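Accompanying notes for the structure given below.
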Amino acid sequence: MDEYSFVITTDTCCDLPKSYLEENGVDLVTLYYNMNGVAYGNGIEMDVKEFYDKMRGGEMPTTMAANPEELQEMFEKHLKAGKDVLHLAFSSGLSSSYNNAAVVARDLNEESTGHKVIVIDTLAASLGQGLVVHKALELRKQGKSFEETAEWVEANKLHFCHQFTVDDLNHLYRGGRVSKLTAIAGTLIQIKPILHVDDEGKLIPIGKTRGRKKSLQALVDNMERTIGSYRDANDIVFISHGDALDEAQYVADLVKERFGIESFLINYVSPTIGSHSGPGTIALFYLGDRR
0 MDEYSFVITT DTCCDLPKSY LEENGVDLVT LYYNMNGVAY GNGIEMDVKE FYDKMRGGEM
60 PTTMAANPEE LQEMFEKHLK AGKDVLHLAF SSGLSSSYNN AAVVARDLNE ESTGHKVIVI
120 DTLAASLGQG LVVHKALELR KQGKSFEETA EWVEANKLHF CHQFTVDDLN HLYRGGRVSK
180 LTAIAGTLIQ IKPILHVDDE GKLIPIGKTR GRKKSLQALV DNMERTIGSY RDANDIVFIS
240 HGDALDEAQY VADLVKERFG IESFLINYVS PTIGSHSGPG TIALFYLGDR R
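So in numbering that gives the first Met the number 0, the last spot in the sequence shown is 290, and the numbers never skip.
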């Protein structure tokens with residue numbers, strides 16, 4: 000993307016397809032995950048469907064934040080090429096990746112190479128973070144400057160709405176999102192939690208339904224409650240899933256029916272986030288008045 004004076008970078012928690020990232024010249028830093036003693040990411044990959052099959056079989060992965068050395072390497076590469084860097088980081092409410100990137104950027108900016116790094120805490124996750132990246136890319140294509148794009152993202156990031164549901168409460172229990180009693184009782188009577196990412200970038204429960212289909216419908220109900228004056232601003236809606244494409248498509252169909260939106264980007268929840276949300280996660284992302 001040599002025609003632009005600045006690059007947009009992010010991390011693997013954005014859950015954007017590889018083809019999209021390559022087409023738009025978006026560079027990534029890897030958040031690794033560990034399964035059975037093997038660290039995956041950045042060349043050592045596991046097929047995402049295999050990852051979820053292993054989780055269904057009882058294997059429990061662990062995750063790591065973005066590595067400062069790799070962040071520095073990525074930023075320096077672009078600074079040396081004469082580009083400013085706008086880095087859109089995974090929510091600080093869910094990872095130390097933003098803080099790591101901010102420290103690296105501060106140190107590089109003090110060296111004063113004539114170009115700089117701006118790191119923004121998107122307070123977003125999965126394709127919610129991906130949607131922030133998408134909007135920043137659109138602004139750059141429209142001719143907005145480095146500073147203008149950064150300012151818009153900072154001013155508007157709390158309008159990026161996240162609605163999640165999960166199929167298995169036990170993964171949320173492992174991550175400290177629900178109590179053990181809630182996980183056991185909810186599993187027995189098919190309670191499905193509805194969660195969102197709040198203004199602090201944390202994943203919190205905001206409701207529950209009985210049965211899977213009702214939980215998927217609740218995501219769209221919540222979208223209707225929060226979209227407000229942004230109803231016409233959503234030319235595209237993003238949906239991510241934990242190896243549950245048919246249900247992701249069902250949610251897309253509901254959104255199309257209710258809002259008339261025709262364009263969707265649907266992709267997997269990456270293993271780094273899927274390690275905590277589990278197989279069957281469905282997440283809906285859009286612009287709204289409030290989160």
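Glycine is no exception: its CB is placed at the ideal position from the N, C-alpha and C atoms. Fair warning: this is a prediction, and the values are worked out from it, not measured in the lab.
Using the C-alpha atoms, what's the distance from residue j back to residue i?
i      : j      : result
Gln141 : Glu153 : 18 angstroms
Glu146 : Glu256 : 38 angstroms
Ser94  : Arg209 : 31 angstroms
Leu78  : Lys17  : 23 angstroms
Trp151 : Asn66  : 27 angstroms
Ile260 : Arg230 : 9 angstroms
Met0   : Lys82  : With a pLDDT of 49 at Met0, under the threshold of 50, the modelled position of this residue cannot be trusted, and the question is left open.
Ala124 : Asn98  : 15 angstroms
Glu246 : Leu215 : 8 angstroms
Thr29  : Glu69  : 8 angstroms
Val118 : Met34  : 30 angstroms
Met54  : Arg211 : 19 angstroms
Gly279 : Asn108 : 42 angstroms
Leu15  : Ile190 : 30 angstroms
Ser111 : Lys76  : 15 angstroms
Gln248 : His114 : 43 angstroms
Ala238 : Pro60  : The displayed chain sequence assigns Ile, not Ala, to residue 238. Distance between the alpha carbons of Ile238 and Pro60: 23 angstroms.
Glu2   : Thr8   : 16 angstroms
Leu27  : Gly200 : 20 angstroms
Thr148 : Lys179 : 43 angstroms
Tyr19  : His133 : 10 angstroms
Phe74  : Val25  : 12 angstroms
Ser91  : Ala100 : 11 angstroms
Val131 : Cys13  : 9 angstroms
Glu22  : Glu137 : 13 angstroms
Looking at residue j and residue i, is the spacing between their C-beta atoms short of 8 angstroms?
i      : j      : result
Met45  : Tyr39  : yes
Val254 : Val236 : yes
Tyr32  : Ser274 : yes
Gly127 : His161 : yes
Asp242 : Tyr267 : yes
Tyr285 : Asn233 : yes
Val116 : Ala135 : no
Asp166 : Gly277 : yes
Ala251 : Phe263 : yes
Ile193 : Gly206 : yes
Ser96  : Asp10  : yes
Phe5   : Leu87  : no
So for residue i, helix, strand or coil by DSSP?
i      : result
Lys179 : helix
Leu107 : helix
Tyr31  : coil
Thr164 : strand
His114 : coil
Phe341 : Residue 341 is absent from the structure shown; the chain starts at 0 and stops at 290.
Ala282 : strand
Lys143 : coil
Arg289 : coil
Thr121 : coil
Asp231 : coil
Asn266 : strand
Gly81  : coil
Assign residue i to buried or exposed, taking buried as 16 or more other Cβ atoms, counted over all protein chains shown, within 10 Å of its Cβ.
i      : result
Thr121 : buried
Gly129 : buried
Arg290 : buried
Ser37  : Here the sequence assigns Val to residue 37, which means Ser is not the residue at that position. It is exposed - the Cβ of Val37 has fewer than 16 other Cβ atoms within 10 Å.
Lys48  : exposed
Arg224 : exposed
Arg139 : buried
Gln71  : buried
Lys156 : buried
Gly57  : exposed
Leu202 : buried
Leu244 : exposed
Ile272 : buried
Ala80  : exposed
Across which residues does DSSP place residue i in a beta bridge pair?
i      : result
Tyr39  : Tyr32
Thr9   : Leu27
Gly259 : Per DSSP, none; premise fails for Gly259.
Gly206 : Ile193
Tyr97  : DSSP output for Tyr97 lists no bridge partner at all.
Ile238 : Ile265 and Leu283
Given the structure, does residue i come close to the ligand GTP, in the sense that its CB is under 7 angstroms from one of the ligand's heavy atoms?
i      : result
Lys212 : For the ligand GTP, the structure offers nothing, since it holds no ligand at all.
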